[in-house]
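Chemist:
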Amino acid sequence: MQLVEILSWIEGSALARFIAMAPLVYPTVSALHILGIALAFGSIVPVDLRLLKVFGPQFDAVLPFLVRSALFGFALAASTGVLLASIRIADYLGNPAFLAKMALLIAAGTNAALLRRLSDHRDVVRMVGSLVGRFAAMTSLSLWICAVLAGRWIAFV
């Protein structure tokens, strides 16, 4: 099966058609996508700022919760993003802003996984102020900000 046929199948699937045609479904999925982004970004930023020692040790107790919240927000944003993209996947794959967003998300996920791996799966608090923690935090902040901007730019390209 060729790529064009696969993309046509995805766009013509019952789920994609339901999301596109059923009243209030698309706006609801879109709102959930934005909530997921807000939860992920809103949880990642304070973790990164603590790793950079911008925030003090009074935040250490909530860091594990923020990491879990970021993961939940990312899962919500990713799953709803797949649903939203399925409606016009061929158009999105031709959109440079969409492709940039996907590349930035892959890089951000890789950065987080590397931090986890390099910390030997230790608690994030142990990485505060370390060279690895600071580098990962600066990289994370840069990638997530750029991903959000690329996501907003999709509609204008």
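Heads up, the sequence shown is in the working numbering, so the first residue is 595 and it goes up one at a time.
For glycine and all other residues, C-beta sits at the position ideal for the given N, C-alpha and C.
Using a Cβ-Cβ cutoff of less than 8 Å, which residues in the same chain neighbour alanine 616 once the five nearest sequence positions on both sides are dropped?
Modeler: What you label residue 616 is simply residue 22 of the sequence shown in a count that begins at 1. Excluding positions up to five away in sequence, the list is empty.
Chemist: Between the C-alpha atoms of leucine 735 and leucine 725, what's the straight-line distance to the nearest angstrom?
Modeler: Counting from one through the sequence shown, the residue named residue 735 turns up at place 141. Counting from one through the sequence shown, the residue named residue 725 turns up at place 131. Approximately 15 Å between the Cα atoms of the pair.
Chemist: Assuming valine 742 contacts isoleucine 613 under a Cβ cut-off of 8 Å, what Cβ separation, rounded to an integer in Å, is found between them?
Modeler: In the sequence shown, counting from the first residue as 1, residue 742 sits at position 148. In the sequence shown, counting from the first residue as 1, residue 613 sits at position 19. Wrong, their Cβ atoms sit about 23 Å apart, outside the cutoff.
Chemist: Helix or strand or just coil, what does DSSP make of alanine 616?
Modeler: As a working note, residue 616 is residue 22 in the sequence shown. The answer is coil: DSSP assigns alanine 616 none of H, G, I, E or B.
Chemist: Do you know offhand how far arginine 710's Cα is from leucine 643's?
Modeler: On the sequence shown, residue 710 is found 116 positions in, with the first residue counted as 1. On the sequence shown, residue 643 is found 49 positions in, with the first residue counted as 1. For arginine 710 and leucine 643, the distance between alpha carbons rounds to 17 Å.
Chemist: Going by C-alpha to C-alpha distance, which of Ile739, Leu601, Ser607 and Ile628 sits closest to lysine 695?
Modeler: The count along the sequence shown starts at 1 and reaches residue 695 at position 101. Ile739 is the residue among Ile739, Leu601, Ser607 and Ile628 whose C-alpha sits nearest the C-alpha of lysine 695.
Chemist: At what residue ranges does the region 632-718 contain a whole run of the alpha helix (DSSP H), taking only runs of 4 or more?
Modeler: 657-681, 683-687 and 690-712
Chemist: Under 9 Å, do alanine 634 and leucine 665 count as touching if we go by C-beta distance?
Modeler: The residue given as residue 634 occupies position 40 in the sequence shown. The residue given as residue 665 occupies position 71 in the sequence shown. Pairing alanine 634 with leucine 665 gives a Cβ-Cβ distance under 9 Å.
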